[in-house]
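To convert, note that position 184 of the sequence shown is 184 in full-length UniProt numbering; the numbers rise steadily by one, no gaps.
For every residue, glycine included, the Cβ atom is placed at its ideal position computed from N, Cα and C.
Keep in mind it's a predicted model, so treat the numbers as computed, not measured.
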Amino acid sequence: MADWLIGLIMGIVEGLTEFLPVSSTGHMILVGHLIGFEGERAKTFEVVVQLGSIMAVVVVFWKRLWTLVGVGRKKSGASLNLIHILLGMLPAAVLGFLFHDVIKEILFGPGPVVISLIAGGILMIVAEKFSKSSTAQTLDEITYKQAFYIGLFQCLALWPGFSRSGSTIAGGLLCRVSHTTAAEFTFILAVPMMLGASGLDLIKNWDILSAADLPLFVTGFVTAFVVAMLAIVSFLKLLARVKLTPFAYYRFALAALFYIFVMM
Numbered sequence: 001m002a003d004w005l006i007g008l009i010m011g012i013v014e015g016l017t018e019f020l021p022v023s024s025t026g027h028m029i030l031v032g033h034l035i036g037f038e039g040e041r042a043k044t045f046e047v048v049v050q051l052g053s054i055m056a057v058v059v060v061f062w063k064r065l066w067t068l069v070g071v072g073r074k075k076s077g078a079s080l081n082l083i084h085i086l087l088g089m090l091p092a093a094v095l096g097f098l099f100h101d102v103i104k105e106i107l108f109g110p111g112p113v114v115i116s117l118i119a120g121g122i123l124m125i126v127a128e129k130f131s132k133s134s135t136a137q138t139l140d141e142i143t144y145k146q147a148f149y150i151g152l153f154q155c156l157a158l159w160p161g162f163s164r165s166g167s168t169i170a171g172g173l174l175c176r177v178s179h180t181t182a183a184e185f186t187f188i189l190a191v192p193m194m195l196g197a198s199g200l201d202l203i204k205n206w207d208i209l210s211a212a213d214l215p216l217f218v219t220g221f222v223t224a225f226v227v228a229m230l231a232i233v234s235f236l237k238l239l240a241r242v243k244l245t246p247f248a249y250y251r252f253a254l255a256a257l258f259y260i261f262v263m264m
C-alpha cells in the first residue's frame, strides 16, 4: 500500500478518534494491524499525527486559549485560567514522569488495551448513572477543586486504550461538571499534555525519520488536523443529546474486534 494512502487512512482514524471517548490508541493499533502498518515506523507516525489533532484543538479553541494567558479575559468574576490547567495537568504529568518506562513496558500491549477498553466503558456508564446535577455549566464555572479531580481521572489515560476524553469527561460528570463543559475542558487540557508527550516521543524517535517518510507523515498530519476539527465540533453537539453510554457500548464492541483480529 502506498505511503500516502496509509497516511490518509491512519490520519482519518486518528482525527476521528483522538477526542472521542473511544480510544484512539485502540483504533490505531487495530487499523494498523489490518493494513500491515506496524513497528517502530508506525509508532513514530502516531506521534506525528497526534500533533495534527492537537493543532485542530488550537484552531477551534484559539480564543479560549488566548484568555488563559490574560488576553481578552474578563476583568471581574471567576474565569478559567492557567491555574485550572496546571491543576488538571499535575496528577498525570507527575505519574507519567515517574512511571513512564513501566507504563511503556507493561501496559502497551494487546491484552492491557482490551482490558482498558472495557474498563473505560464501565467507568463511563457508572459516571452517567451516578452523576448529579451540574454546578459547572460553562468553563468559567469550573472550580480549582473540580479541575484537580478531573486531572486525577486523566491519570487513567496513561493506560493505553482507556481514552483521555473518556476518563476526563466521566470524571467531570462525577465532579458535577456538565457533559459539554467537561469535554471542552478535556480538549483544552489536552493541548499542553499532548504537546509535551508527543514532543518527547518525537525527540526520542528522531533518528528513525527520513526524507522518504515525508509523504506518509505530511498526509497523516494534514488529514488528522482536518478530520479532528470536524470531529471536535460534531462531538460537542452530539454529546448534548446522546451522552456517554452509546460510546461505552461501542468500546465493548471494539474490544471484541480487537481481541479477534489482533490477539487471536
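query                                                                                                                                                                : result
Whole angstroms is fine: what's the gap from I9's alpha carbon to I35's?                                                                                             : 9 Å
With contact counted as at least three CB pairs below 8 Å, one residue from each stretch, are the segment 118 to 136 and the segment 167 to 180 in contact?          : yes
In whole angstroms, give me the CA-to-CA distance for L79 and F108.                                                                                                  : According to the sequence displayed, residue 79 carries Ser and not Leu. The alpha-carbon atoms of S79 and F108 are separated by roughly 38 Å.
Please state the DSSP three-state secondary structure of A136.                                                                                                       : strand
I need the boundaries of the alpha helix (DSSP H) containing W206, first residue and last residue.                                                                   : First-last for W206: undefined, no H or E at that position.
Report the rounded CA-to-CA distance for Q146 versus G166, giving the unit in angstroms.                                                                             : 16 Å
Tell me, to the nearest whole angstrom, how far the beta carbon of I169 is from that of A157; I am working on the premise that it is less than 8 Å.                  : That pair is no contact at about 11 Å.
What do you reckon, is the C-beta of M194 under 7 Å from a heavy atom of the ligand MG?                                                                              : Judged by which ligands are present, the structure shown has none, so any question about the ligand MG falls away.
Using CA atoms only, rank isn't needed, just tell me which of F99, R241, T67, G11 is closest to C155.                                                                : F99
Just checking my contact of V59 with N205 at CB under 8 Å: how many whole Å lie between their CB atoms?                                                              : So it is not a contact: roughly 26 Å between Cβ atoms.
Helix, strand or coil for V177? Go by DSSP, reduced to three states.                                                                                                 : strand
Suppose you measure from the CA of T17 to the CA of S23; what does that come to, to the nearest Å?                                                                   : 6 Å
Please report the Cβ distance between A255 and I118, rounded to the nearest whole angstrom; I am assuming they are in contact, meaning their Cβ atoms lie under 8 Å. : 5 Å
Give the DSSP-derived three-state secondary structure of E46 in the structure shown.                                                                                 : helix
Contact between the segment 49 to 63 and the segment 211 to 227 is defined here as three or more beta-carbon pairs at a separation below 8 Å; is this criterion met? : yes
Quick one: measure Cβ to Cβ for R251 and G121, integer angstroms, because I've assumed they're closer than 8 Å.                                                      : 4 Å
Please list the terminal residues of the continuous alpha helix (DSSP H) segment that includes residue 327.                                                          : Because the chain here runs from 1 to 264, residue 327 falls outside it and cannot be looked at.
With respect to the alpha helix (DSSP H) encompassing residue 269, which residues constitute its N-terminal and C-terminal limits?                                   : With the chain represented from 1 up to 264, any question about residue 269 goes unanswered, as that position is not in the structure.
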